[in-house]
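*Asks:*
Chains as they are written, first to last, in the numbering used here: chain B, 42 to 158; chain V, 51 to 160.
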């Protein structure tokens, strides 16, 4: 297993365009998180999935953001009508929850750095 | 909600010991994590505390006091490669999401 992988690593887009990022978690992990991180800040929670179910979405997330995990494996994060304020590092992380109680630590991918010009 | 506070920057000398503090105010608690993040890279897991006390892992130790809402990360025998940002994160109860502090940038000097 090569860990959590994200694609692309970098994306430059014009304001108003749509972008989609992909995350492939560690294969046996059933939980998947999306975070956003800007320079000098810690990761900020966006949303997470348990298998294919999206269990929580941050109130800070506008309706231009949508995430899916259709088969409980890889996930996509789409941003519609991008704005300059969307420029950030988008991090994906995965973990394993056992018996609906114990959860391992989250392992992070390398992130997708989005620049909106 | 959750509020996490940690110093913005610290500097230490190679071979020395440094302690990075983290205080938190939360509406619930299900464990505290420390992550290391080098510039431009992903956060990597260092330690996890859910009960009070000290957890030791090689050169790194982490301490938790739940009653005080306080944790620290202790790094011994500092090496130049330890220069990085150290993130404190608190996991919410009944939900896996974690709230992160803004990180402490540690610079190790020769």
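Note that beta-carbon positions come from the ideal geometry of N, C-alpha and C, so glycine has one too.
Could you round the C-beta distance between residue 124 of chain B and residue 77 of chain B to whole angstroms and report it? I think they count as a contact, below 8 Å.
*Replies:* About 13 Å; that fails the 8 Å criterion.
*Asks:* Measuring alpha carbon to alpha carbon, tell me which residue in B:130, B:136, B:154, B:157 is nearest residue 66 of chain B.
*Replies:* Out of B:130, B:136, B:154, B:157, B:136 has the C-alpha closest to the C-alpha of residue 66 of chain B.
*Asks:* Identify which residue in V:119, V:69, V:75 has its Cα closest to the Cα of residue 59 of chain V.
*Replies:* For the residues V:119, V:69, V:75, the minimum Cα distance to residue 59 of chain V belongs to V:69.
*Asks:* Hey, is residue 91 of chain V's beta-carbon within less than 9 Å of any beta-carbon in chain B?
*Replies:* For residue 91 of chain V, the answer is yes, since a Cβ of chain B falls inside 9 Å of its Cβ.
*Asks:* If distances are taken between C-alpha atoms only, which option among B:54, B:58, B:50 comes closest to residue 64 of chain B?
*Replies:* Closest by alpha carbon: B:50.
*Asks:* Report the neighbours of residue 98 of chain V on chain B: residues whose CB is nearer than 8 Å to its CB, in chain order.
*Replies:* Those within 8 Å of residue 98 of chain V in chain B are 146.
*Asks:* Mind pulling the beta strand (DSSP E) runs of 3 or more residues that sit fully within the segment 51–112 of chain B?
*Replies:* Counting only runs of 3 or more, we get 51–54, 60–65, 72–78, 85–91, 94–98, 106–109.
*Asks:* Can you say whether residue 130 of chain B is buried or exposed, counting buried as having 16 or more other CB atoms within 10 angstroms of its CB?
*Replies:* By the 10 Å Cβ count, residue 130 of chain B comes out buried.
*Asks:* Between residue 157 of chain V and residue 111 of chain B, what straight-line distance do the alpha-carbon atoms span, to the nearest angstrom?
*Replies:* Roughly 43 Å between the two C-alpha positions.
*Asks:* Residue 107 of chain V lies in the beta strand (DSSP E); which residues open and close that run?
*Replies:* Residues 103–107.
*Asks:* Using the beta-carbon of each residue, which ones in chain V are nearer than 8 Å to residue 151 of chain B?
*Replies:* The answer, in chain order, is 91, 92.
*Asks:* Applying a beta-carbon distance threshold of less than 7 Å, which residues of chain B neighbour residue 137 of chain V?
*Replies:* Simply 83.
*Asks:* Could you pull the DSSP bridge partners for residue 58 of chain V from this structure?
*Replies:* The partner list for residue 58 of chain V (beta bridge, DSSP) is empty, contrary to what the question assumes.
*Asks:* Examine chain B for any beta-carbon lying closer than 9 Å to the beta-carbon of residue 147 of chain V, and answer yes or no.
*Replies:* It does: the Cβ of residue 147 of chain V has a partner Cβ on chain B nearer than 9 Å.
*Asks:* In whole angstroms, give me the CA-to-CA distance for residue 100 of chain B and residue 88 of chain B.
*Replies:* Cα to Cα, residue 100 of chain B sits roughly 10 Å from residue 88 of chain B.
*Asks:* Helix, strand or coil, according to DSSP, for residue 86 of chain V in the structure here?
*Replies:* Residue 86 of chain V: strand per DSSP, three-state reduction.
*Asks:* By how many angstroms is the C-alpha of residue 140 of chain V removed from the C-alpha of residue 154 of chain V?
*Replies:* Each residue's alpha carbon lies about 15 Å from the other.
*Asks:* Could you name the residues of the same chain whose beta carbon sits closer than 6 Å to that of residue 62 of chain B, not counting the 5 residues immediately before and after it, in chain order?
*Replies:* Excluding sequence neighbours, residue 62 of chain B sits near 118, 131, 153.
*Asks:* What residues in the segment 59–85 of chain V bring their beta carbon closer than 9 Å to a beta carbon of chain B?
*Replies:* Per Cβ criterion, the list reads 80, 81, 83, 85.
*Asks:* Please tell me whether residue 119 of chain V has its Cβ less than 9 Å away from any Cβ of chain B.
*Replies:* By this cut-off, residue 119 of chain V is not an interface position.
*Asks:* At which residues does the beta strand (DSSP E) containing residue 48 of chain B begin and terminate?
*Replies:* Start and end: 46–48.
*Asks:* Could you list which residues in chain V have their beta carbon closer than 9 Å to that of residue 72 of chain B, in chain order?
*Replies:* Residues of chain V passing the Cβ test: 146.
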